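Enquirer: Starting off with a structure, shown below.
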Amino acid sequence: MASFHARYVSGDVDDVWRDLRGLGLRVFDAPYREDAEAVAREFADRARRNVETLVERLQAQGFRAERNDDEGTPCRAHVPPSPDAAALADWLEATFAPFPMTVSAWIRQVGDVWLVGDLPGWKTSVLADPLVVQLEWAEQGGSRSYYEAEYSAYLEDTMRQDAGIAFQLDYAPDELHKANISGDAPYGIDLPGPGIDGKVGPAIWFVDDLNTAFAAGGFPGALWEAGFQEPPTGLRESLAADLFRL
10 MASFHARYVS GDVDDVWRDL RGLGLRVFDA PYREDAEAVA REFADRARRN
60 VETLVERLQA QGFRAERNDD EGTPCRAHVP PSPDAAALAD WLEATFAPFP
110 MTVSAWIRQV GDVWLVGDLP GWKTSVLADP LVVQLEWAEQ GGSRSYYEAE
160 YSAYLEDTMR QDAGIAFQLD YAPDELHKAN ISGDAPYGID LPGPGIDGKV
210 GPAIWFVDDL NTAFAAGGFP GALWEAGFQE PPTGLRESLA ADLFRL
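This note's numbering puts the first residue of the sequence shown at 10, with every later residue one more than the last.
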């Protein structure tokens, strides 16, 4: 029987994720762990290449990444993992075990992505839920102290725990805050994880959410109530062309 990694590389990506997720926590044990980790590394390598391609295409069209503040402060659309990324992933794996392999691989191999900004020709791109995944925050001094404080507050909040509310590892503002509009809580990964992949809330897998974003060229949403307008014809398709399905 072919390994999960061999099947993934050959293009059987959706079935591989189905089968690996179906293993639940057994994925962390022999004989599955080594194979599953290879899939997670391949996933992150493809995600990194998607991000680099997408940022290059956006910048060729004049895109400028900007903070979601009143000033539109310029920032970097992609910050590769710093030398401290592996240590952060190690700490998260130890603190929140079992920690999703896909999220760990993203931290180690992809880095931080921020597609909020100004895109000439599509002034409402900020209302399209631009792709943001910031787990290391290398350019903001690192995320560990923030996660430590959030987790400490969670452990003291017995009402949340008694209600079965999981700790959330924040990685992006919600679609409203991305557009500098008052909104809801950040997007995040529920911890501890259920297996190889992380859950964004109760129903969405981390990898599936990323695939949706990449299929839309990094802009999968539409805040119509805030004045969203469709992009120029073919823009999303040109941005998404030939990106890897993760």
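All residues carry an ideal CB built from backbone N, CA and C; glycine is no exception. As the structure is a computational prediction, the values presented were derived from the model and not from experiment.
Considering just the uninterrupted stretch of the beta strand (DSSP E) at residue 44, what are its terminal residues?
Expert: Careful: residue 44 lies outside any beta strand (DSSP E), inside the alpha helix (DSSP H) at 42–69.
Enquirer: Residue 223 lies in the alpha helix (DSSP H); which residues open and close that run?
Expert: Its alpha helix (DSSP H) spans residues 215–224.
Enquirer: Quick one: what does DSSP say residue 208 is sitting in, helix, strand or coil?
Expert: In this structure, residue 208 counts as strand in the three-state DSSP scheme.
Enquirer: Can at least three beta-carbon pairs, one atom from the segment 174–182 and one from the segment 137–144, be found at a separation below 8 angstroms?
Expert: Verdict: yes, contact present.
Enquirer: With H, G and I counted as helix, E and B as strand and the rest as coil, what does DSSP make of residue 190?
Expert: Three-state DSSP puts residue 190 in coil, outside helix and strand.
Enquirer: So within the segment 63–151, which uninterrupted alpha helix (DSSP H) runs reach at least 4 residues, ignoring any that extend past its ends?
Expert: Runs of the alpha helix (DSSP H) inside the segment 63–151: 94–104 and 110–118.
Enquirer: Where does residue 242 land, buried or exposed, given buried means 16+ other C-beta within 10 angstroms?
Expert: That one is exposed.
Enquirer: Between which two residues does the beta strand (DSSP E) holding residue 197 run?
Expert: From DSSP, the beta strand (DSSP E) with residue 197 extends over 196–200.
Enquirer: Between which residues of its own chain and residue 84 is the CB-CB distance below 7 angstroms, once the five residues before and five after are set aside?
Expert: Around residue 84: 74, 75, 76 and 123.
Enquirer: Tell me whether residue 181 sits in a helix, a strand or coil according to DSSP, three-state version.
Expert: It is a strand residue.
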